[in-house]
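Here the structure is laid out as structure tokens; the discussion comes afterwards.
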Amino acid sequence: MKKLFKSVLTLSLVAGLAACGSSSSAAGSAASAASEATEATTGDDGVKSEGVMTYAEYAAADLDTQVVVETYVQAKQGWWENSATIYTQDKDGGYFIYGMPISQEDYDKLVPGQKIKVTGYKSEWSGEVEITDATYEIEDGNYIAPALDVTDLLGKDELINHQNQFVSFTGMTVEPIGDDAAYLYNWDGSGTEGDDLYFNVSKDGNTYQFTVESYLCGADTDVYKAVKELAVGDVINMEGFLYWYEGANPHITKVTK
Amino acid sequence: MRKHIILLASLLMSVSLLTGCHGSQGSQEFTVPENFDTSREYEVTFWAKNDTNKTQTDIYEKAIKDFEAIYPNVHVNMRLYTDYGRIYNDVITNIATKTTPNVCITYPDHIATYLTGDNVVVPLDDLFADAKYGLGGTDVAFDSVGQNEIAEEFLEECAFDGHYYAIPYMRSTEAVYINKTYVEKLGYEVPDILTWDFMFEVAEAAMKKEGENFVVNGQKVMIPIIYKSTDNMMIQMLKQKDAGYSNEDGEILLFNDTTKELLYMIAEHAKTGAFSTFKISSYPANFLDAGQCIFAIDSTAGATWMGTYAPLSDISADKFVEFETAVRPVPQFDVNNPKMISQGPSICVFNKSDTQEVLASWLFAQYLLTNDVQIAYAETEGYVPVTTKAQESDTYQEYLSLSGTDNNQHYDIKIQASELLLNNIQNTFVTPVFNGSTSLRDASGQLIENVTKSVRRNEKVDDAYIENLYSSVASLYHLDQATGNASVSGEKADLGPLPSASKALLITLVIVWILIGAYYLYLNQKKKASS
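Right under this line is the structure:
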């Protein structure tokens, strides 16, 4: 994958370490919190306000039309100069909010679980459906999505129904990538420490490529370090967000053996 | 996976505003040492940019290894980047702490910002000309290129404010990668040089549907034109129209009537879905290779991603479709006077208090112009070596002659892209470089992005819209707060009433001159009276 613009994400240094757990980060961990939750927790009844779309309505909306959703922050992928990219989710589906103008002060309020109302345009970029040019309101309410195990959906058309959701993959085997490595910096090994990590995992004879997105989970996060400790043949469980780029491209936030 | 283009844009805007703070961080002016002290050890930090291409990083590593074998007392530490913007950001940050690299890959536009600090970047004029260590110098321990062996057009792109501040490293331009099969299926022939009108006409023809599918490709998706770099699109269109963009004084001329006409034209075809951009849809190559795009406009340095047999790809093998690819220059308004942008990485050397360290850095920078590095790197993409020495070498000529003999090193689309530039070097241009030119470039692309998004969202694009767009984009990129030598104008600026201090000074000057005149007359009268 080219990912020329992915590298740009490192600019947002205050970005989304929160999702991944970090020995050096005091930030809360949405993904970690979710992974440890035995069930979803809600601080409100989940009923949509007037004029707000249900997830089904959002999913059915045409591209380039205005959408209004109420959703809950799950992880923050980056912030710089009043703009943020955020994984959000309600009980029915995921909403990826891309490049939303927001102040540092409000960005800090968007802790995992925080309810927000987002108005923007439904867009698609290489298969990734997202809300762009968005505005927001912070509302009362809290919800942490549990990780949905989608291992059995890998390679199937139904997987896209869970795009942008917090998901898990279980019992997958690390396969070689590049010159028999367990992982690469960037998709072709052209990167260095701090760049995205790419690794291959297989299940039932099929191999898939997963990513540790360096802006969601940087070099000092547990998952980044864990992937660097992987060896070909390891059997692992993973959690992350079901990002899409010309097909499923999970952004992994946690790896356990 | 492009993600966070907005973040980059914001960052670039913010760092450009910070640059005024660096003046106090200057070092002493660099002077070329008499001799290079090889008894000492030197650490040279090199910030390199690659196109997320492992072969390119391998070439850098080999170049370092080979250079260190020639100069064992110089140790080059490379840091890899895949984005110019990030290098720019890091350099700006490190200027303030005096921890810039020694050598880095960069754009001249970015250097103009670095130069707002005193003696941050080494002017290379004296180094070029130095008899011992300059270009083709007698004491350079490798086959150094002479200044006359660097393509003049490319070298001149690195000169501004009366000095050379960089050496070119690689050059590319933009190309249209065309699905020739579909163009012919629509009843057209691909000309040697496309006009914008031709491209838009074919694109509109490709929008015909039967049921849910487009007729031309039988698929549900067809975006006939996808432009990767909309800033280049606007810049080249304006140049071809001989319309304003900016001038050497940093005057910003972008927001003019020709720009408005172009935006209307783009809006017309964005509204039908015939035109889109990388930022809105994705990489042109992904759509081209899947038979979902007919005119993919991207850098010649992106050629290895284009076509049915592209050696690099982001899409799965089952999405590729079979078609013939044609490579052409960017569309023109006047095919008899083609104009296309010259782009690509350059190399600058940062100043340090230790002149010997700077000299070691210069020697390494110069090594990147040797044939081994130039030819190897140029072959990784549709780049062109910047030295005539490399361009004319048997090795490079043989490489070109083997076009199409395989789909990797000699991938025909890649070599055609290189040849496109080689055949059009005289038709290339660059935009004026000044502190703020990076923001202006971003703004020019933003105009196209906004218009395209707006019409897709059924917003009305009219004169009022354009006027508001000009204002908001100028504000977003701080072009309405231009500092230094940059100013926004299509006309001479109204500077307003004179400050009172200035008025007082002028009045005083007038009174003094009157008194001088009166005294002179008094002396004359006195002289006449006495005689």
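Just so you know, the sequences run in chain order G and X. Quick note: the first sequence uses our numbering, first residue 1, plus one each step. Quick note: the second sequence uses our numbering, first residue 1001, plus one each step. A virtual CB, placed ideally from N, CA and C, is assigned to each residue, including glycine.
Please name the residues in the region 1040-1069 of chain X whose beta-carbon is closer than 8 Å to at least one beta-carbon of chain G, in chain order. Those residues of the region 1040-1069 of chain X that come within reach of chain G (Cβ to Cβ, closer than 8 Å) are 1050, 1051, 1052, 1053, 1054, 1056 and 1057.
Please report the distance separating the alpha-carbon of residue 1082 of chain X from that of residue 1302 of chain X. On the second sequence, residue 1082 of chain X is found 82 positions in, with the first residue counted as 1. On the second sequence, residue 1302 of chain X is found 302 positions in, with the first residue counted as 1. Cα to Cα, residue 1082 of chain X sits roughly 14 Å from residue 1302 of chain X.
Along chain X, in chain order, which residues have C-beta atoms closer than 7 Å to that of residue 206 of chain G? Stepping through the first sequence from its first residue, residue 206 of chain G is reached at position 206. By Cβ distance, chain X contributes nothing, its closest Cβ being about 13 Å from residue 206 of chain G, past 7 Å.
Quick one: using the 10 Å Cβ neighbour count with 16 as the cut-off for buried, is residue 1040 of chain X buried or exposed? Locating residue 1040 of chain X in the second sequence gives position 40, where the first residue counts as 1. The Cβ neighbour count for residue 1040 of chain X, taken over all protein chains shown within 10 Å, is under 16; the residue is labelled exposed.
Check whether the Cβ of residue 191 of chain G lies closer than 8 Å to any Cβ atom in chain X. To locate residue 191 of chain G, count along the first sequence from 1; it is residue 191. So yes, residue 191 of chain G belongs to the interface.
Three-state secondary structure assigned by DSSP to residue 69 of chain G: Position 69 of the first sequence, counting from 1, holds the residue named residue 69 of chain G. Annotated three-state conformation of residue 69 of chain G is strand, per DSSP.
Which residues in the same chain have their Cβ closer than 7 Å to the Cβ of residue 1219 of chain X, if we skip the five residues on either side of it in sequence? The sequence position of residue 1219 of chain X within the second sequence is 219, counting from 1. Taken in chain order, the residues that qualify are 1213, 1291 and 1292.
Looking at chain X, which residues of the region 222-246 of chain G have a Cβ within less than 7 Å of any of its Cβ atoms? Those residues of the region 222-246 of chain G placed with their C-beta closer than 7 Å to a C-beta in chain X are 245 and 246, ordered along the chain.
Closest to residue 210 of chain G by CA distance: which of G:154, G:86 and G:59 is it? Position 210 of the first sequence holds residue 210 of chain G. The residue among G:154, G:86 and G:59 with its C-alpha nearest the C-alpha of residue 210 of chain G is G:154.
Residue 1417 of chain X, buried or exposed, once every other Cβ within 10 Å from all chains shown has been counted against 16: Position 417 of the second sequence, counted from the first residue, corresponds to residue 1417 of chain X. Under this definition residue 1417 of chain X is a buried residue.
Tell me the DSSP secondary structure of residue 237 of chain G in three-state form. Looking up residue 237 of chain G in the first sequence gives position 237. Secondary structure of residue 237 of chain G (DSSP, three-state): strand.
On the CB-based measure, 16 or more other CB atoms within 10 Å of its CB, does residue 254 of chain G come out buried or exposed? For this step, residue 254 of chain G is matched to residue 254 along the first sequence. Per the 10 Å Cβ criterion, buried.
In angstroms with no decimal places, state the Cα-to-Cα distance between residue 1330 of chain X and residue 107 of chain G. Taking the second sequence and counting its residues from 1, the one referred to as residue 1330 of chain X is at position 330. Taking the first sequence and counting its residues from 1, the one referred to as residue 107 of chain G is at position 107. The straight-line gap from Cα to Cα measures roughly 42 Å.
Check whether the Cβ of residue 35 of chain G lies closer than 8 Å to any Cβ atom in chain X. The count along the first sequence starts at 1 and reaches residue 35 of chain G at position 35. Caution is warranted here: a pLDDT of 46 is assigned to residue 35 of chain G, below 50, making its placement in the model unreliable, and the coordinate value is therefore given only provisionally. No, because no Cβ of chain X sits closer than 8 Å to the Cβ of residue 35 of chain G.
When burial is assigned at 16 or more other CB atoms within 10 Å of the CB, is residue 45 of chain G buried or exposed? As a first step, residue 45 of chain G must be located in the first sequence, where it is residue number 45. So residue 45 of chain G counts as exposed.
Would residue 1315 of chain X pass as an interface residue toward chain G - the criterion being a Cβ-Cβ separation below 8 Å? The residue given as residue 1315 of chain X occupies position 315 in the second sequence. Yes, its Cβ sits closer than 8 Å to a Cβ of chain G.
Measuring alpha carbon to alpha carbon, tell me which residue in G:257, G:62 and G:63 is nearest residue 170 of chain G. Indexing the first sequence from 1 puts residue 170 of chain G at position 170. Measuring C-alpha to C-alpha distances from residue 170 of chain G to each of G:257, G:62 and G:63 identifies G:257 as the nearest.
Residues from the region 49-65 of chain G in contact with chain X, defined by Cβ distance under 7 Å: Those residues of the region 49-65 of chain G that come within reach of chain X (Cβ to Cβ, closer than 7 Å) are 64.
What do you get for residue 102 of chain G, buried or exposed, if any count of 16 or more other CB atoms within 10 angstroms of its CB means buried? Sequence index remark: in the first sequence, residue 102 of chain G carries index 102 (1-based). With 16 or more Cβ atoms within 10 Å of its Cβ, residue 102 of chain G is classed as buried.
Suppose contacts are defined by Cβ-Cβ distances below 8 Å. Is residue 110 of chain G in contact with residue 182 of chain G by that definition? Taking the first residue of the first sequence as position 1, residue 110 of chain G is located at position 110. Taking the first residue of the first sequence as position 1, residue 182 of chain G is located at position 182. One thing to note: residue 110 of chain G has its Cβ no nearer than 8 Å to the Cβ of residue 182 of chain G.
Who are the neighbours of residue 188 of chain G on chain X, taking C-beta pairs under 8 Å? The residue labelled residue 188 of chain G in the question sits at position 188 within the first sequence. Per Cβ cutoff of 8 Å: 1052, 1053 and 1054.
In terms of alpha-carbon separation, which member of G:93, G:95, G:50 and G:114 lies closest to residue 73 of chain G? The residue you call residue 73 of chain G lines up with position 73 of the first sequence. Looking at G:93, G:95, G:50 and G:114, the one whose alpha-carbon comes closest to that of residue 73 of chain G is G:114.
Less than 8 Å between CB atoms is the rule here; does residue 1194 of chain X satisfy it with respect to chain A? No chain A is present in this structure, whose protein chains are G and X.
Give me the DSSP bridge partner(s) of residue 114 of chain G. Here residue 114 of chain G refers to the residue found at position 114 of the first sequence. For residue 114 of chain G, the pairing in a beta bridge is given by DSSP as G:142.
Nearest to residue 1471 of chain X by CA position, among X:1095, X:1055 and X:1256, is which residue? Numbered from 1 along the second sequence, position 471 holds the residue referred to as residue 1471 of chain X. Ranking the options by Cα distance to residue 1471 of chain X, first place goes to X:1256.
With 16 other CB atoms within 10 Å as the buried threshold, where does residue 1474 of chain X fall? Here residue 1474 of chain X refers to the residue found at position 474 of the second sequence. The residue is buried, with at least 16 neighbouring Cβ atoms inside 10 Å.
Residues near residue 36 of chain G by beta carbon distance below 6 Å, same chain, minus five either side: Taking the first sequence and counting its residues from 1, the one referred to as residue 36 of chain G is at position 36. For residue 36 of chain G, the predicted model reports a pLDDT of 46, less than 50, meaning its position is unreliable and no value from the coordinates is stated.
In the region 1174-1219 of chain X, which residue ranges form an unbroken beta strand (DSSP E) of at least 3 residues, counting only runs that do not cross its ends? Taking only runs of at least 3 residues, the beta strand (DSSP E) segments lying wholly in the region 1174-1219 of chain X are 1174-1179.
Contacts of residue 1456 of chain X in chain G (Cβ-Cβ under 7 Å): Counting from one through the second sequence, the residue named residue 1456 of chain X turns up at place 456. The answer, in chain order, is 64.
Mind pulling the chain G residues with CB within less than 9 Å of residue 1408 of chain X? Against the second sequence, residue 1408 of chain X aligns to sequence position 408. Per Cβ cutoff of 9 Å: no residues; residue 1408 of chain X is ~14 Å from chain G at best.
What's the C-alpha gap between residue 33 of chain G and residue 239 of chain G? Walking along the first sequence from the start, residue 33 of chain G turns up at place 33. Walking along the first sequence from the start, residue 239 of chain G turns up at place 239. Low local confidence applies: a pLDDT of 46 at residue 33 of chain G is under 50, so the model's placement there is unreliable, with the coordinate-based value given in what follows. Inter-residue distance for residue 33 of chain G and residue 239 of chain G is about 12 Å (C-alpha atoms, whole angstroms).
Residue 1495 of chain X to residue 1165 of chain X span [Cα, whole Å]: As a working mapping, residue 1495 of chain X is identified with position 495 in the second sequence. As a working mapping, residue 1165 of chain X is identified with position 165 in the second sequence. Model confidence at residue 1495 of chain X stands at a pLDDT of 41, short of 50, so the residue's coordinates are unreliable and nothing is read from them.
Status (buried if at least 16 other CB within 10 Å, exposed otherwise) for residue 1315 of chain X: As a working note, residue 1315 of chain X is residue 315 in the second sequence. So residue 1315 of chain X ends up on the buried side.
Would you list, in sequence order, the uninterrupted beta strand (DSSP E) runs of no fewer than 3 residues that lie entirely inside the region 1042-1091 of chain X? Fully enclosed beta strand (DSSP E) runs of 3 or longer: 1042-1049 and 1074-1081.
Do you know how far the Cα of residue 48 of chain G is from the Cα of residue 54 of chain G? Mapped onto the first sequence, residue 54 of chain G falls at position 54. Mapped onto the first sequence, residue 48 of chain G falls at position 48. Straight-line Cα distance between these residues: approximately 7 Å.
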